[in-house]
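Residue numbers (the numbering used here): 92 to 224. For every residue, glycine included, the Cβ atom is placed at its ideal position computed from N, Cα and C. Just below is one structure, and these are the notes that go with it.
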Amino acid sequence: FRPVPAVPAAADSPDLTVDLGTAADFAILAKAGVSTVPSSTIIGDVGVSPIAQGALTGFSLTLDPSGESATSTQVTGNMFAADFAVPTQSKLTTAVLNMEAAYTNAAGRLNPNFIEAHSGILGGKTLGPGLYK
92 FRPVPAVPAA
102 ADSPDLTVDL
112 GTAADFAILA
122 KAGVSTVPSS
132 TIIGDVGVSP
142 IAQGALTGFS
152 LTLDPSGESA
162 TSTQVTGNMF
172 AADFAVPTQS
182 KLTTAVLNME
192 AAYTNAAGRL
202 NPNFIEAHSG
212 ILGGKTLGPG
222 LYK
């Protein structure tokens with residue numbers, strides 16, 4: 092638990108939350124593709140856009156009857172791709188735009204909480220809240 096500061100943080104403060112918008116609805120959101128291996132487990136939704144479901148490689152996809160999403164035994168959540176049924180493309184376009192805006196916001200901040208955490212070797216690490224550069 093971290094108390095909320097009484098004075099608003101400066102615009103470049105790492106303590107100011109980066110607004111992810113609808114991108115926060117996804118555990119993984121990518122524009123180029125997502126690959127996996129059989130022993131992987133993903134908790135949360137996965138989305139790819141503007142690319143099609145073929146960019147979700149290594150997953151055994153089962154398309155939902157509505158055609159709006161798919162499931163996989165490796166994912167606890169749903170999978171979405173730009174070529175799925177309406178309104179999926181619109182949902183993904185908004186999420187990707189929100190992701191890009193969040194990245195621009197975070198990348199422009201001058202005072203990150205962590206710089207070169209773990210020398211960039213993040214495999215198997217659990218990262219706490221904060222701004223990492």
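Following the continuous beta strand (DSSP E) through leucine 120, name the residue where it begins and the one where it ends. Residues 117-121.
Check alanine 100 in the structure and name its three-state DSSP category. Unreliable placement is indicated for alanine 100, whose pLDDT of 45 sits below 50; no coordinate value is reported for it.
Taking three-plus beta-carbon pairs below 8 angstroms as touching, is the segment 184-202 in contact with the segment 153-169? no
Cut-off 7 angstroms between Cβ atoms - residues of its own chain near valine 128, not counting five sequence neighbours on either side: Here the set comprises Gly149.
Looking at C-beta atoms only, is the number of pairs between the segment 139-154 and the segment 173-184 that lie closer than 8 angstroms three or more? yes
Buried versus exposed call for valine 166 [16 or more other C-beta atoms within 10 Å across all chains shown]: buried
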